[in-house]
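Note sheet for the following structure.
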Amino acid sequence: MVERTFVSESTGPIVLGLDLPMGRVRVQVLDSVTTARVVLRTDDSSGPAAEAVDRARSSQNGQAMAVEVPEIPGNVMTQSVSGNRVVQSMETVYGSVTGMTIVNGRVITGGGTAVMETVSPIEAIVTLPTGSSLAVISQSADARVRGDIERMEFRSVSGDLEISGARNLNASTTSGDVIVGRLTDRLTAYSVSGDITVDLYSGSDAELTTTSGDMDVRATVRAVGILCANTVSGDVRVSGGSQLRVSANSVSGRVCTR
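Given below as structure tokens:
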């Protein structure tokens, strides 16, 4: 196992930018914490994932902190165990993958064989003081945030975002889901095939867009302003929020607002 720890040079709320190409991000926002901390780890003791953790960089300017994990080169697939499931995720694969078969990390194609190395995921364990903001950029890393974040930015190709609560959220993913517990101000969420779910929306401005993903928003009595939800083939459901103006559209999916 390889592990590194980065600690904020200042105390109090910070704005943290985290660049993690693949793996998972676990965040806790705590009242009892005064200094931000980022722990990067992988179960591998050598190989591409371990080298990426070793080469990770951190910088800070005032209350803004950045942690960057370099991209793992080559054809790499991460594999981890979640309960009784084996979870696999691939980085960018170079070369043709038509009719691809994977056997023990070896990719067999009609034109020959190519080696795809299997590595353990890189996990970022983040602890933030209350009032902090966070930006996560990745290719396939999932992010889970526990506690209320001030502002959240999320950019991923296939990663999911699950967040307990935020004042502002701006999320964009291609095939990942966006799941929000509480949102109190502004919400912008985009996904091509992933779903967008908001359990308690109390904001004043929301714009949700998907191509084939479904949307489910439950607004509270504190929600005001306009909520725009647009999809091509997904279903849209918006409930609650007597003061909320809803503009919901789907070309071939179902739309329910009440």
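357 is the number that the working numbering gives the last residue of the sequence shown; the numbers go up by one with no jumps. We put the CB at the ideal spot given by N, CA and C, even for glycine.
Beta-carbon separation (whole angstroms), residue i vs residue j, contact threshold 8 Å
i: T330; j: T309; result: 5 Å
Residue i, enclosing beta strand (DSSP E) - first and last residue
i: E167; result: A163 to E167
i: E261; result: L260 to T272
i: V297; result: I295 to Y300
For residue i, the nearest candidate out of the options (CA to CA)
i: I224; options: L282, Q162, G146 and L115; result: L115
i: D315; options: V323, G302 and S338; result: S338
i: S219; options: T283, M100 and I113; result: M100
i: S144; options: S131, L117, T319 and R103; result: R103
i: S257; options: S271, N267 and R317; result: S271
i: G340; options: D304, S332, D334 and I262; result: D304
Alpha carbon of residue i to alpha carbon of residue j, nearest angstrom
i: S349; j: T134; result: 45 Å
i: L119; j: S237; result: 5 Å
i: V185; j: A240; result: The predicted position of V185 is uncertain, since its pLDDT is 43 and thus under 50; a value taken from the coordinates is nonetheless stated next. Rounded to the nearest angstrom, the two C-alpha atoms are 16 Å apart.
i: S232; j: R250; result: 5 Å
i: G246; j: L129; result: 7 Å
i: R344; j: G324; result: 6 Å
i: T208; j: M121; result: Caution is warranted here: a pLDDT of 48 is assigned to T208, below 50, making its placement in the model unreliable, and the coordinate value is therefore given only provisionally. One C-alpha to the other measures close to 25 Å.
i: C355; j: V297; result: 15 Å
N-terminal and C-terminal residue of the alpha helix (DSSP H) that residue i is part of
i: E306; result: It is not in any alpha helix (DSSP H) - E306 instead sits in the beta strand (DSSP E) that spans D304 to T309.
Cutoff 8 Å; reference residue i; Cβ partners in own chain excluding five residues on either side
i: G111; result: T133, Q162, P228 and G230
Beta-carbon proximity list for residue i, same chain, < 7 Å, skipping 5 on both sides
i: R154; result: P169
i: E167; result: D118, A155 and R156
Sequence-distant residues of its chain with Cβ nearer than 6 Å to residue i (five each side left out)
i: R136; result: V106 and T226
i: R281; result: G264 and L299
i: E306; result: T287 and C327
Short CB-CB distance (under 8 Å) between residue i and chain B
i: A135; result: Checking the listed chains, one finds no chain B in this structure; it contains a single protein chain.
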